[in-house]
Every structure is written in structure tokens, then in C-alpha cells.
Amino acid sequence: MKSMKVNLDKRVASSYDICIGYDVLDRIGLLIAKHMPALHYIVITDVNVSAIYGMKLLGRLREMALPADMIEFPAGEDAKSIGTTVAIVERLIKLGADRKSALLALGGGVVGDVTGFIASTFMRSIPYIQIPTTLVAQVDSSIGGKTAIDLPEGKNLLGTFYQPKGVFIDVKFLDTLPEEEMNSGLAEAIKYGVIDSVEVFDFLERNIEAIKERDRDLLEEMIGNACRIKKGIVEIDEKEMGMRRVLNFGHTIGHAIEAESNFTISHGAAVSIGMVAAARISEGMHDFPRRDRERIEHLLESAGLSCRIPQTITTDGIMTRLRADKKKEGDRIHFVLLKKMGMPFINGGVPEAVLRETVEEMKK
Ligand code: NAD
Ligand code: GLY
Numbered sequence: 001m002k003s004m005k006v007n008l009d010k011r012v013a014s015s016y017d018i019c020i021g022y023d024v025l026d027r028i029g030l031l032i033a034k035h036m037p038a039l040h041y042i043v044i045t046d047v048n049v050s051a052i053y054g055m056k057l058l059g060r061l062r063e064m065a066l067p068a069d070m071i072e073f074p075a076g077e078d079a080k081s082i083g084t085t086v087a088i089v090e091r092l093i094k095l096g097a098d099r100k101s102a103l104l105a106l107g108g109g110v111v112g113d114v115t116g117f118i119a120s121t122f123m124r125s126i127p128y129i130q131i132p133t134t135l136v137a138q139v140d141s142s143i144g145g146k147t148a149i150d151l152p153e154g155k156n157l158l159g160t161f162y163q164p165k166g167v168f169i170d171v172k173f174l175d176t177l178p179e180e181e182m183n184s185g186l187a188e189a190i191k192y193g194v195i196d197s198v199e200v201f202d203f204l205e206r207n208i209e210a211i212k213e214r215d216r217d218l219l220e221e222m223i224g225n226a227c228r229i230k231k232g233i234v235e236i237d238e239k240e241m242g243m244r245r246v247l248n249f250g251h252t253i254g255h256a257i258e259a260e261s262n263f264t265i266s267h268g269a270a271v272s273i274g275m276v277a278a279a280r281i282s283e284g285m286h287d288f289p290r291r292d293r294e295r296i297e298h299l300l301e302s303a304g305l306s307c308r309i310p311q312t313i314t315t316d317g318i319m320t321r322l323r324a325d326k327k328k329e330g331d332r333i334h335f336v337l338l339k340k341m342g343m344p345f346i347n348g349g350v351p352e353a354v355l356r357e358t359v360e361e362m363k364k
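Anchor point for the sequence shown: position 53 equals 53 in the numbering used here, and the numbering is continuous, going up by one each time.
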């Protein structure tokens, strides 16, 4: 098992390890006991993950004589809600959880975000560990301590920054992950190459077919690259005061498209379209090389992701969503754009006419 440390400012949060391996669930019990001693462990998971891995993890903890229980909730973004949060907290109280208890988030980004949010607020905070089971969670959401739930008014509107005590990644979880969910994670993995590392981008270009075939060594390398890049950014800017914003590359237009499609377009597919839009705006406004924009589009397509905006989504709808974006300051919508491959920057505002033109162009 490989590991790396997320080194955080000790006054704000403690540092923690990210451990990555294949078929390591049996060892995760030991790691949990070492990294987060507690009197009572509660696994929080969704029904899909529970059916495949829930009892396996619970059994492993109990074999080690660690007192453990499990709470499951419905799968999917709709469950990232106040209702789910309150239901889980009520179950925690019934199970006798207190400040000496700790939570284990076993699942994708939804489970991780909800569990982290509850851990940061239950009895004024208890520790938690991330055990991510989707590619999105393994390359992105389990690292960096962003927690959130959705409100009817919008996604991630209630949340905290609250770091886990550890992130334990078993690449074998991906064996059962549906292809569309894999593609979502690939969009995020490609994002790291584009915003941070030409070497990582080249690696993905060279290996995308074998990665799609789920070659375990290449998956492990890709996930390791992603974790290394994300942790480096979080170490510099834990609370997203500046540099961490580059992780939102592709997400501004991506979120607008995701919401405009009523979430029928997956997060990864929407981020893929958003990254293409950002690369095109960068090409038009900041001389980002056309050849590199084409490479990004080609790699996303090879990963099974979309580069075009479906006709059913209106330009006006996207523009309205962009104006309401929470990353807006005054009437300027901040965009992460590119100077070169691996060199992002925050643009202080893209003119509305440029946005409209880019969206229209991508609908052809
Ligand atoms: P998800 O958690 O909804 O999981 C996707 C689906 O895969 C679910 O149906 C789940 O039950 C299933 N699943 C999970 N693991 C599986 C496995 N190993 N085998 C089979 N099925 C499995 O979605 P996601 O894409 O992992 O996460 C999306 C969420 O993450 C969004 O809410 C997003 O806002 C959030 N997110 C948070 C951050 C952050 O920094 N906190 C970053 C990115 C995304
Ligand atoms: N996924 C964006 C972030 O963690 O900041």
C-alpha cells in the first residue's frame, strides 16, 4: 500500500494520510484503529455500497473487536439532503453515539459529503475517515475536507471545511462501479492533468484505453497522481481563498449544464463539457494553443465523455444559471481559464457575449 501525507497548518487542522492499494479492505481495519482510535465506529453508507461492501467492512471491524455499527441511506444525489442528514443523526443517537464515537464514510461523493457534514456538526464535531468507493471520490471528493448537503435552492449550499483523519483507497472497489460512474471520475482525473501537470496529461493520453479496461496498476497510478496534485493544492489553500479555485476548472459551465438538464447529464459528463468550454474561451481570449484544446477534447472523447452541449439545453437557461453561480462576485463570473497546459489562472470576468458564442458553438 502506498501512502502520502496531507500536510496542513496545525493551528487549523491536523495532517492526515491518504493510503492507496488494491484489495486492501482487510487492512483498512488496522489502519482505522491506528489513525482514529474510538470507542464506537459507525459506518455510514448508501444502500448500493452497503449491499456489496457494507457487511465486509463491518465484519472486519468486529473481527478486530472494534465496536461497530452501520447506517445506510438511499443512493443518489437526492439523498444528499437535510432529510437524510436528520435521519442519520437520529439513528446515531439511537445507537448511543457520542463524542468518543467516529464515523466511517464508505461510498461515493454523496456518502463522503454527507458523512463529513454530520461529523463536523454532530455533538460539535466527531472524527471521521473517508473510504471512497467511486472514482470521483477516490480522485477528488474524499480529499480536502469539503463537506456539504444540498438544499432545494441548490447544490452544496450547506457545508463546512472539515478534514478527515485519513483517506483509505481500495482500487478494487472500482471492479463493481458502473461505466458511467467511471467516466465521471475520469473527467476529474483528466482535469488534474489539464490544470497541473503536462506529464499526467501525457500519461492519460498514452494509457486511456487500458485505463478504460480497468488495468489495476494504471488505475492505481492515475489515482495516486490525482491525490498528489489535489493534496498539494489543498495544503496551500485549505479554505479556497485563492489557488484551490483552480480545482473548479470546467465546473462553472459544467454545473449550469448539469442543473439545466435536471441532473439527467451526470456531473462528470457536465464537467467534461465545461472543461471544453473553458479551453475554448481560453483559446479565444488568452491564446491557449488550439492544438492543446484539441488534445483535451480528444482525450475526453477517448474516455467516453462528451464535448458538445445537447440541443435540448437552451443558451438562455445556461446564462441564467451562470449569473446565479455562487462563485460570482458582484456581476462578474469568475472562470478558471488556461494560459498553457498545466497553467491555469482565475479570469476576473468573461464577457457575456463570449459565453453565449462559446455555448452556441458547442451546440453545433
Ligand atoms: P455517488 O456517491 O452518488 O455514487 C454514484 C453511484 O455509484 C451511487 O449510486 C452509488 O451507490 C454507486 N456506487 C458507489 N460505489 C460503488 C461501487 N464501488 N460499486 C458499485 N456502485 C457504487 O456519486 P459520486 O460521483 O461518487 O459523487 C458525487 C458527489 O460528490 C456530488 O454530490 C458532488 O457534489 C460531490 N463532490 C464533492 C467533492 C468534494 O470536494 N467534497 C468533490 C467532487 C464531488
Ligand atoms: N472539488 C473541488 C475542491 O475540492 O475544492
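Glycine included, every Cβ here is placed at the ideal spot set by N, Cα and C. On a predicted model such as this, the values are computed, not experimentally measured, just so you know.
CB-CB length for Arg216 against Tyr22, believed under 8 Å
5 Å
C-beta atoms of Lys100 and Ile129 nearer than 7 Å:
no
According to DSSP, simplified to helix, strand and coil, what is Ile131?
strand
Report the rounded CA-to-CA distance for Ile333 versus Met222, giving the unit in angstroms.
32 Å
CB-CB length for Gly193 against Leu177, believed under 8 Å:
Not confirmed; about 21 Å, so no contact.
Mapping DSSP to helix, strand and coil, what is Asp140?
helix
Mark Arg206 as exposed unless 16 or more other C-beta atoms lie within 10 angstroms of its C-beta, in which case mark it buried.
exposed
Check His286 in the structure and name its three-state DSSP category.
helix
Pull the bridge partners of Ala269 from the DSSP assignment, please.
Answer is none; Ala269 lacks a bridge partner.
For Asp69, which residues from the same chain have a beta carbon less than 6 Å from its beta carbon, with the 5 sequence-adjacent residues on both sides left out?
Ile42, Leu95
In chain order, which beta strand (DSSP E) runs of at least 3 residues are fully inside the stretch 153 to 180?
154 to 161, 166 to 170
Cα separation between Asp292 and Ser282?
11 Å
Going by the beta-carbon positions, is the gap between Gly185 and Val139 smaller than 7 Å?
yes
Can you find a C-beta in chain D that's less than 7 Å from the C-beta of Ile44?
No chain D appears in this structure, which consists of one protein chain only.
Does the distance between the C-beta of Leu177 and the nearest non-hydrogen atom of the ligand NAD fall short of 6 Å?
yes
Determine the extent of the alpha helix (DSSP H) in which Cys307 is found, giving its start and end residues.
Run containing Cys307: none; DSSP gives neither H nor E here.
So, at 8 Å on beta carbons, what are the nonlocal neighbours of Gly159 in its own chain, with the 5 sequence-adjacent residues on each side left out?
Asp113, Phe117, Lys146, Thr147, Ala148, Ile149
As assigned by DSSP and simplified to three states, the class of His35
helix
Please say whether Ile88 and Ile71 have beta carbons closer to each other than 7 Å?
yes
Distance between beta carbons of Asp46 and Ala75, contact taken as under 8 Å:
4 Å
Could you give the distance in angstroms between the alpha-carbon of Leu337 and the alpha-carbon of His267?
19 Å
Is it the case that the CB of Arg27 approaches a heavy atom of the ligand GLY more closely than 6 Å?
no
Cβ pair Met64, Leu135 closer than 7 Å
no
Measuring from the CB of Lys146, is there a heavy atom of the ligand NAD at a distance below 6 Å?
yes
Using alpha carbons as the reference points, say which of Ile229, Ala277, Ile32 lies closest to Arg60.
Ile32
Can you tell me which of Ser120, Glu297, Arg290, Lys363 puts its alpha carbon nearest to the alpha carbon of Ile309?
Lys363
Less than 6 Å separating the Cβ of Asp140 from some heavy atom of the ligand GLY?
yes
Rounded to whole angstroms, what is the Cα-Cα separation between Pro132 and Thr312?
34 Å
Three-state class that DSSP yields for Leu57 in the structure shown:
helix
When the distance is taken between beta carbons, is Gly348 closer than 7 Å to Lys198?
The displayed chain sequence assigns Val, not Lys, to residue 198. Not closer than 7 Å, so no.
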